[in-house]
Structure formats: structure tokens, C-alpha cells
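Asks: In terms of the working numbering, the sequence shown opens at residue 68 and continues consecutively.
By construction, the Cβ of each residue, glycine as well, lies at the ideal position given by its N, Cα and C atoms.
Note that this is a predicted model, so its numbers are computed, not measured.
Provided herewith is a single structure, encoded as C-alpha cells, for subsequent inquiry.
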Amino acid sequence: MWSLAIFGPSDLERSIVESALRQAGFHIQVIHNADEAALFLQRPRVDAVLVTGMIPGWTLEDR
68 MWSLAIFGPS DLERSIVESA LRQAGFHIQV IHNADEAALF LQRPRVDAVL VTGMIPGWTL
128 EDR
């Protein structure tokens with residue numbers, strides 16, 4: 068089973084993506100803040116990180 072972190076605001080976009088990936092068999096961890104992200108990324112196996120929406124503090128030029 069693949070392990071995936073989703074980082075981003077709670078919104079419809081993230082909800083749809085999360086649901087589809089769970090149905091496809093991914094183990095999903097939803098990350099709400101940077102502290103949670105640091106802990107999750109220290110796990111022995113994290114296959115991917117998906118960032119959705121805008122991240123607070125970023126501007127369009129940071130994309």
C-alpha cells in the first residue's frame with residue numbers, strides 16, 4: 068500500500084482528491100499544519116506528498 072500525505076486547506080478540491088485516492092488503495096494522511104508535516108515525513112515510508120490549494124503565506128509568484 069502506498070503512503071501519501073495531502074497538505075492543504077480543507078476544501079472541496081482536497082476532499083475530492085482524498086476520496087479518489089483512498090478508493091484507489093492509498094493510505095492517506097491529511098496534514099493541516101507544518102508541525103504535523105514534519106512528523107509524518109519522518110516516517111520510514113512516505114511515497115508522495117500532494118499539496119492542494121493555496122498555502123498561507125505564499126503568493127502567486129511563489130508557485
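Enumerate in chain order the residues of its own chain whose CB-to-CB distance from valine 84 is below 8 Å, with the five nearest sequence positions on each side excluded.
Replies: For this step, residue 84 is matched to residue 17 along the sequence shown. Closer than 8 Å at Cβ, skipping near neighbours: Ile73, Leu117, Thr119.
Asks: Looking at serine 70 and histidine 94, is the spacing between their C-beta atoms short of 8 Å?
Replies: The residue you call residue 94 lines up with position 27 of the sequence shown. The residue you call residue 70 lines up with position 3 of the sequence shown. In contact: histidine 94 and serine 70 (Cβ atoms closer than 8 Å).
Asks: Provide the residue(s) that pair with leucine 147 in DSSP beta bridges, ordered along the chain.
Replies: Past the boundaries of the shown model lies residue 147; the chain is included only from 68 to 130, so the question cannot be answered.
Asks: Would DSSP call glutamine 90 helix, strand or coil?
Replies: Here residue 90 corresponds to residue number 23 of the sequence shown, with the count starting at 1. Of the three classes helix, strand and coil, the one that applies to glutamine 90 here is helix, per DSSP.
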